[in-house]
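*Asks:* One structure, pasted below without further comment.
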Amino acid sequence: QPTASPTPARTTEPTKAPPSNGSGDLVAIGRELYLNVPANAAPQALWCYQCHFIEGIPEANALIGPEHTRIGSDAANRVTGMSAEDYLRESIVDPELRIADGVERATPGLMTKAIVEKLTDEQIDALVAFMLTLK
Numbered sequence: 697q698p699t700a701s702p703t704p705a706r707t708t709e710p711t712k713a714p715p716s717n718g719s720g721d722l723v724a725i726g727r728e729l730y731l732n733v734p735a736n737a738a739p740q741a742l743w744c745y746q747c748h749f750i751e752g753i754p755e756a757n758a759l760i761g762p763e764h765t766r767i768g769s770d771a772a773n774r775v776t777g778m779s780a781e782d783y784l785r786e787s788i789v790d791p792e793l794r795i796a797d798g799v800e801r802a803t804p805g806l807m808t809k810a811i812v813e814k815l816t817d818e819q820i821d822a823l824v825a826f827m828l829t830l831k
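Oh and the sequence shown: position 93 is 789 in the working numbering, straight run, nothing missing.
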């Protein structure tokens, strides 16, 4: 004989989706971060879009720092044996460590560690994920 199953209790709380760690989410977060000064940025910091140019992204139209239109593919060829991901991460964390041949910049030392010192590891991961899509 069939037995009755208990009816699940109803809740007024909406069901929340588990956090996603998909690269698409990371790319979207990175794009948002690249194009907007985060709340935890150093006071008066210039932000990515304020110094770099990315073709096709109207907000990123400055020519103070290196162009980033194809940085996702360019980064893979900058240092022999270094992945594009590692190169981009290093360039964000320590921007003066390596200056790629042929990359001109307006003012040496303009992108200082003070600009990114307050970024979390997760924010850096997101910026790298976004920049890797620029090809």
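Every residue gets a Cβ at the ideal spot worked out from N, C-alpha and C, and that includes glycine.
I need the straight-line Cα distance from L731 to G777, nearest angstrom please.
*Replies:* For L731 and G777, the distance between alpha carbons rounds to 30 Å.
*Asks:* Which parts of the segment 733-804 are runs of the alpha helix (DSSP H), unbroken and 4 residues or longer, counting only runs that do not cross its ends?
*Replies:* List check, alpha helix (DSSP H) in window: 744-747, 767-770 and 780-789.
*Asks:* Using the Cα positions of H764 and K814, report the straight-line distance between them to the nearest angstrom.
*Replies:* Near 22 Å, if we compare the C-alpha coordinates of K814 and H764.
*Asks:* Look at M807 and I767 and say whether their C-beta atoms are less than 8 Å apart.
*Replies:* Their beta carbons are not under 8 Å apart, which means M807 does not touch I767 by this criterion.
*Asks:* Per DSSP, what kind of secondary structure is L823 in: helix, strand or coil?
*Replies:* Helix.
*Asks:* Hey, could you find the ends of the alpha helix (DSSP H) K809 is sitting in?
*Replies:* Here the alpha helix (DSSP H) through K809 covers K809 to V812.
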